[in-house]
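A quick write-up on the structure given underneath.
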Amino acid sequence: MAFLSLLVKSVLISAAVVTLDSILIYKTHDWLPAKKTVYFQCKGEHSIVLPDVKEKHVLYTFKGEESWQPLTELKDTKCKRCGFYEKDAITTMTPFDEWEFCASDFTRSDGKYVHLKEKEVNATFLCPECVSLANGNIDWNRYLVSLGILACGVSFSMVTSAVFSDAEYFSNTKNYFQGMHWILVGVIAVLVSAVVIAGFVTAYKYWQKRKRQQEQARFLRLFEEGDDIEDELGIGPLSSV
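Structure follows, in structure tokens:
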């Protein structure tokens, strides 16, 4: 049941991975020439050290595949208190900036969000999934697959619970074969559920494809109608012929 609960949670709660695309530090907070460490941290989470960020006024860019990536995950209904910090061997951590980090910050179509703190730090984050979360869109493929796994798990759990509820059920050969029969029924039920969910996913993808084709056809019709109107008014490209 704990496993099924985790599946339900994964279906109902959406989260998106955030990576660091680039960062520029404008100044440091210590006059001593000691080695400094720059890191990112959200409240209640582990700190993420940025090992390559060492100098100010230098733009550092990243691929999102570094060993310390991603920075964090954002949920569609909850912001996080996050920030960039500096620490050296002597002083405690000093913040470059702290702010409420939300999925709704990612409004650009390319999934990027630029956070600027004047005279402190300029950082660009990347989170394509956050755009969907902020717009309230649902990843239907992920949702249907999770729902299918959940349905299969529930079916299998119900069948196995019914079979093994009595500790002495398999005490003789007859009961053994009856139990195997119910297990076979459970396996078939799981397979049928998987096929049904796969059918739903295929149908949804086909519907998306048809919708795109209809929109393209509608656009072409509007374009052709516009040309016909221009020809009738004598302002089209063929009017001078």
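Quick note on numbering: the UniProt record's numbering labels position 206 of the sequence shown as 206, and the sequence is numbered without any gaps.
Backbone N, C-alpha and C define an ideal beta-carbon position, used for all residues, glycine too.
Small disclaimer: the values here were computed from a predicted structure and weren't measured.
Inset, instruction - Could you check which residue in 207, 97 and 124 has the C-alpha nearest to that of residue 41? - result: Of 207, 97 and 124, the residue nearest in Cα terms is 97.
Inset, instruction - Please list, in chain order, all residues of the same chain as residue 207 whose beta carbon is under 6 angstroms from its beta carbon, the five residues on each side excluded. - result: By the criterion of a C-beta distance shorter than 6 angstroms, residue 207 is surrounded by no residue of its chain, once the five residues flanking it on both sides are discounted.
Inset, instruction - Would you kindly report the start and end of the unbroken beta strand (DSSP E) that includes residue 19? - result: Counting along the chain, the beta strand (DSSP E) containing residue 19 begins and ends at 15–25.
Legend entry - Buried versus exposed, by CB contacts within 10 Å (16 or more), residue 187: Exposed, because fewer than 16 other Cβ atoms sit within 10 Å of the Cβ of residue 187.
Legend entry - Cα-Cα separation between residue 192 and residue 204, rounded to whole angstroms: Those two C-alpha atoms are separated by around 18 angstroms.
Legend entry - Alpha-carbon spacing of residue 66 relative to residue 53, whole angstroms: Rounded to whole angstroms, residue 66 to residue 53 spans 13 angstroms at the Cα level.
Inset, instruction - Would you kindly report the start and end of the unbroken beta strand (DSSP E) that includes residue 40? - result: 36–42 is the span of the beta strand (DSSP E), which, as asked, contains residue 40.
Legend entry - Closest Cα partner of residue 50 within the set 70, 57, 200 and 44: The shortest C-alpha separation from residue 50 is found at 70.
Inset, instruction - Please check the pair residue 23 and residue 56, which I expect to be a contact at CB under 8 angstroms, by giving their CB distance rounded to whole angstroms. - result: Incorrect: roughly 11 angstroms between the Cβ atoms, too far for contact.
Legend entry - Rounded distance between the beta-carbons of residue 72 and residue 80, thought under 8 angstroms: Correct: roughly 7 angstroms between the Cβ atoms.
Inset, instruction - For residue 242, count neighbouring Cβ atoms within 10 angstroms of its own Cβ and tell me buried if that reaches 16, exposed if not. - result: What is shown of the chain runs 1 to 241, which leaves residue 242 out entirely.
Inset, instruction - Give me the Cα-Cα distance between residue 60 and residue 122, rounded to the nearest whole angstrom. - result: The straight-line gap from Cα to Cα measures roughly 10 angstroms.
Legend entry - Proximity below 7 angstroms, CB of residue 27 to CB of residue 88: The answer is no: Cβ separation not under 7 angstroms.
Legend entry - Contact under 7 angstroms by Cβ, residue 86 with residue 38: Judged by beta-carbon spacing, residue 38 lies within the 7 angstroms limit of residue 86, meaning their Cβ atoms are closer than that value.
Legend entry - Helix, strand or coil at residue 52 according to DSSP, with G and I counted as helix: DSSP places residue 52 in coil when its eight states are reduced to three.
Inset, instruction - Look at the alpha carbon of residue 194 and the alpha carbon of residue 201, and state the distance between them as a whole number of angstroms. - result: The straight-line gap from Cα to Cα measures roughly 11 angstroms.
Legend entry - Sheet register partners of residue 130 (DSSP bridge): Beta-bridge pairing links residue 130 to no other residue.
Inset, instruction - Going by CA-CA distance only, name the one from 47, 78 and 119 that's closest to residue 284. - result: Because residue 284 is not part of the residues shown, which for the chain are 1 to 241, the question remains open.
Inset, instruction - Please report how far the alpha carbon of residue 47 lies from the alpha carbon of residue 95, in whole angstroms. - result: C-alpha separation (whole angstroms): 13 angstroms.
Inset, instruction - Run the CB neighbour count on residue 83, radius 10 Å, all protein chains shown included, and call it buried at 16 or more, exposed below. - result: A residue is called buried when at least 16 other Cβ atoms come within 10 angstroms of its Cβ; residue 83 meets this threshold and is buried.
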